[in-house]
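Q:
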Amino acid sequence: MDRSSLPDLVCPAGSLPALKAAVDNGADAVYLGFKNDTNARNFAGLNFDEKSMVEGIRYAHDKGCEILMAINTFPQAGRVDDWRNAVDTAAGFGVDAIILADVGLLDYASKRHPNQRLHLSVQGSATSYEAINFAHREFGVRRAVLPRVLTLAQVEHVIKNTPVEIEVFGFGSLCVMNEGRCWLSSYACGESPNTVGACSPAKYVKWDKQPGQMETRLNGILIDRFADNEPAGYPTLCKGRFEVQGETYYALEEPTSLNVLEILPEIIKIGVKAIKVEGRQRSPAYVTQVTRTLRAALDALTNERERYHVKPNWQAELSKVSEGNQATLGAYNRPWR
Amino acid sequence: MNQGFTIPKFQLPGFVARLGHKLPQWPHAVALTTALNAAVKMKLLPEDSLAAFDGKTFLVQVLDTGGQAAFTYRGGFFRPLWNPVGAPDLAFRANLSAFLQVASRQEDPDTLFFNRELSIEGDTELGLIVKNMLDAIELPQLPKFPLSLPFGQR
Ligand code: SF4
Chain G
1 MDRSSLPDLV
11 CPAGSLPALK
21 AAVDNGADAV
31 YLGFKNDTNA
41 RNFAGLNFDE
51 KSMVEGIRYA
61 HDKGCEILMA
71 INTFPQAGRV
81 DDWRNAVDTA
91 AGFGVDAIIL
101 ADVGLLDYAS
111 KRHPNQRLHL
121 SVQGSATSYE
131 AINFAHREFG
141 VRRAVLPRVL
151 TLAQVEHVIK
161 NTPVEIEVFG
171 FGSLCVMNEG
181 RCWLSSYACG
191 ESPNTVGACS
201 PAKYVKWDKQ
211 PGQMETRLNG
221 ILIDRFADNE
231 PAGYPTLCKG
241 RFEVQGETYY
251 ALEEPTSLNV
261 LEILPEIIKI
271 GVKAIKVEGR
281 QRSPAYVTQV
291 TRTLRAALDA
301 LTNERERYHV
311 KPNWQAELSK
321 VSEGNQATLG
331 AYNRPWR
Chain A
1 MNQGFTIPKF
11 QLPGFVARLG
21 HKLPQWPHAV
31 ALTTALNAAV
41 KMKLLPEDSL
51 AAFDGKTFLV
61 QVLDTGGQAA
71 FTYRGGFFRP
81 LWNPVGAPDL
91 AFRANLSAFL
101 QVASRQEDPD
111 TLFFNRELSI
121 EGDTELGLIV
131 KNMLDAIELP
141 QLPKFPLSLP
151 FGQR
């Protein structure tokens, strides 16, 4: 396989140093967002203002790397213009694609900027080729990011039935596989990814250290309790331990990261066009580690002389940065549909 | 980024911390606030983050050296706190190796937090602002020098 037939490696950046780390370590594209609630990683101090964005775009383009702008939350009542302005600004900056979730915004972007390449965000929650083809027909969407709910066979079925490029997740923290539709955070604190661009916003989170253990609370609700030597996870409801019928356990999901190294050849064989890394909220160190590992794995596939096998140091590097210190293949290999 | 050396995970022997506790703590706070003020002066720290720090108290504690620095940010300057009263608004606690790994961008704070090597207590949002502010600073290219430490590696 030559390098041009490999899928694009799409990496996250929440800051200029993270963007540079992605570019320097072999990303084909970097995705980012503005410093506001038009994107789903709206965390204090994270993301790009105009100055850093202009510099970031220049840095990436100089090195042949694409910039994808995530405007992937849903416009809130009375403030639709904020989201439209974000689309106009991104288009004006000359980004390579805008990643959108909201149908109204897709309609706006496709009419206002007919030459701008548009991607359908994972938050758009399109899991069938019918939904993806609809976005293609109505808004000219060129790529769709699949929610992490499909098996590999289902991903293949989608790819066979759509002209739209398919991007899948390759590494990162997992949600409870209900992309774009989860309101658990709103249940606890009135705010969730689709409304304010953040799950479990930090202002509601309390880490409470006590002798021998740490308690995590979201708006006062006890989410989990960790012993001193136990790995911790993000303070989201889906990853909490709750008492159900007298038993306390991870009732929804255990803190885990998705890691597709093992099935990389299959992912490529079925025609996936891009592989995405989660984690715009993480540091440049994470972006460096994950980007260079996935780059090495992808490049290894171009080596005709050697059969692909997952190197132990790739796994070690990725499991170190994983949430919950464990990795799964997620839905890709589950037996049920 | 600094491929020239890696900082191993290490822990200083217990007596260092016991000794460290006995030393005056203000030199740490003075050193840290001087560095932070230099960063402010060089406009390395964004205004919106600094605005969120106003009047807040911070504690950085290095567990295995027993060193700690208490300081606040007021009127455009970071200032050491000589006699901090009550719990700080935000406290970072870790061994020296973890702080060095974060400072040199070798490890991601979230990774260390998940692994329980870095503890963050107090105002979580303030902690996030600090973390993201440090991440966003454009570091000058660090010199590449071999660093060998006399401690057992992992
Ligand atoms: S609660 Fe969990 S599943 Fe829901 S948005 Fe947050 S991280 Fe995702």
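Residue numbers (UniProt numbering), protein chains in the order written: chain G, 1 to 337; chain A, 1 to 154.
C-beta atoms are modelled at their ideal positions from N, C-alpha and C, and glycine is treated no differently.
This one's a predicted model, so the numbers in the text were calculated from it and none came from an experiment.
Using a Cβ-Cβ cut-off of less than 9 Å, list which residues of the region 156-186 of chain G approach chain A; keep chain order.
A: Those residues of the region 156-186 of chain G that come within reach of chain A (Cβ to Cβ, closer than 9 Å) do not exist; the list is empty.
Q: Using 8 Å as the threshold, is the C-beta distance between G/P12 and G/P284 below it?
A: No, these two residues do not count as a Cβ contact at 8 Å.
Q: Taking the C-alpha atoms as reference points, what is the distance between G/A29 and A/Q68?
A: Looking at the two C-alpha atoms, the distance is approximately 42 Å.
Q: Could you confirm whether any beta carbon from chain A is found closer than 8 Å to the beta carbon of G/A13?
A: Not an interface residue.
Q: Looking only at C-alpha atoms, which of G/V95, G/A86, G/E138, G/S125 sits nearest to G/S110?
A: If we check each option's Cα against that of G/S110, G/E138 comes out closest.
Q: According to DSSP, what are the bridge partners of G/R69?
A: For the sequence presented, residue 69 of chain G should be read as Met rather than Arg. G/M69 pairs with G/L32, G/I98.
Q: Could you tell me whether the Cβ of A/K144 comes closer than 8 Å to any Cβ of chain G?
A: Residue placement at A/K144 is flagged as unreliable, the pLDDT there being 43, under the threshold of 50; the coordinate-derived value follows with that caveat. Cβ-Cβ to chain G under 8 Å: no for A/K144.
Q: Quick check on G/W183: does DSSP put it in helix, strand or coil?
A: Coil.
Q: Please find out if some non-hydrogen atom of the ligand SF4 comes closer than 7 Å to the beta-carbon of G/P193.
A: True, at least one ligand heavy atom lies under 7 Å from that Cβ.
Q: Could you check whether the Cβ of G/S185 sits closer than 7 Å to any heavy atom belonging to the ligand SF4?
A: Yes, Cβ of G/S185 sits closer than 7 Å to a heavy atom of the ligand SF4.
Q: If the cut-off is 9 Å on Cβ atoms, which residues from the region 230-244 of chain G count as contacting chain A, listed in chain order?
A: Those residues of the region 230-244 of chain G that come within reach of chain A (Cβ to Cβ, closer than 9 Å) are E230, P231, A232, G233, Y234, P235.
Q: Does the Cβ-Cβ distance between A/F92 and A/V40 come in under 8 Å?
A: Not closer than 8 Å, so no.
Q: Just the chain C side, please: which residues come within less than 7 Å of A/D108 by C-beta, in chain order?
A: Absent from the structure: chain C. Protein chains present are G and A.
Q: Quick one: Cα of residue 155 of chain A to Cα of A/N132, how far?
A: Look at the range of chain A in this structure, 1 to 154, and you will see that residue 155 of chain A is not part of it.
Q: Got a sec, what are the start and stop residues for the beta strand (DSSP E) G/I166 sits in?
A: Residues 165-173.
Q: How many angstroms separate the CA atom of G/P231 from the CA atom of G/V168?
A: Each residue's Cα considered, the two are about 27 Å apart.
Q: Using the rule of at least 16 other Cβ atoms within 10 Å of the residue's Cβ for burial, across every protein chain shown, is residue 339 of chain G buried or exposed?
A: Residue 339 of chain G lies beyond the range of chain G shown here (1 to 337); nothing can be said about it.
Q: Any idea if G/K239 is buried or exposed, counting beta-carbon neighbours within 10 angstroms, 16 or more meaning buried?
A: Its Cβ being crowded by 16 or more others within 10 Å, G/K239 is buried.
Q: Determine the chain A residues that contact G/V196 at a beta-carbon separation under 7 Å, and present them in chain order.
A: Within chain A, no residue comes near G/V196; the closest Cβ sits about 13 Å away, beyond 7 Å.
Q: Three or more C-beta pairs under 8 Å: does that hold for the region 155-164 of chain G against the region 98-118 of chain G?
A: No, because fewer than three Cβ pairs between the region 155-164 of chain G and the region 98-118 of chain G fall closer than 8 Å, the two stretches do not touch.
Q: In whole angstroms, what is the alpha-carbon distance linking A/L112 and G/V155?
A: The straight-line gap from Cα to Cα measures roughly 34 Å.
Q: Using DSSP with H/G/I as helix, E/B as strand and the rest coil, what is A/S119?
A: It is a strand residue.
Q: The ligand SF4 and A/T111: does the residue's C-beta get closer than 7 Å to at least one heavy atom of that ligand?
A: Not so, every heavy atom of the ligand SF4 lies at least 7 Å from the Cβ.
Q: Could you work out which residues of chain G lie near A/F114, taking near to mean beta carbons separated by less than 9 Å?
A: The answer, in chain order, is P231, A232, G233, Y234, P255, V321, S322, E323, G324, N325.
Q: Rounded to whole angstroms, how far is the Cβ of G/G14 from the Cβ of G/Q281, which I believe are closer than 8 Å?
A: So it is a contact: roughly 6 Å between Cβ atoms.
Q: Just mark G/P114 as buried or exposed, buried being the case when its beta carbon has 16 or more other beta carbons within 10 Å.
A: G/P114 should be labelled exposed.
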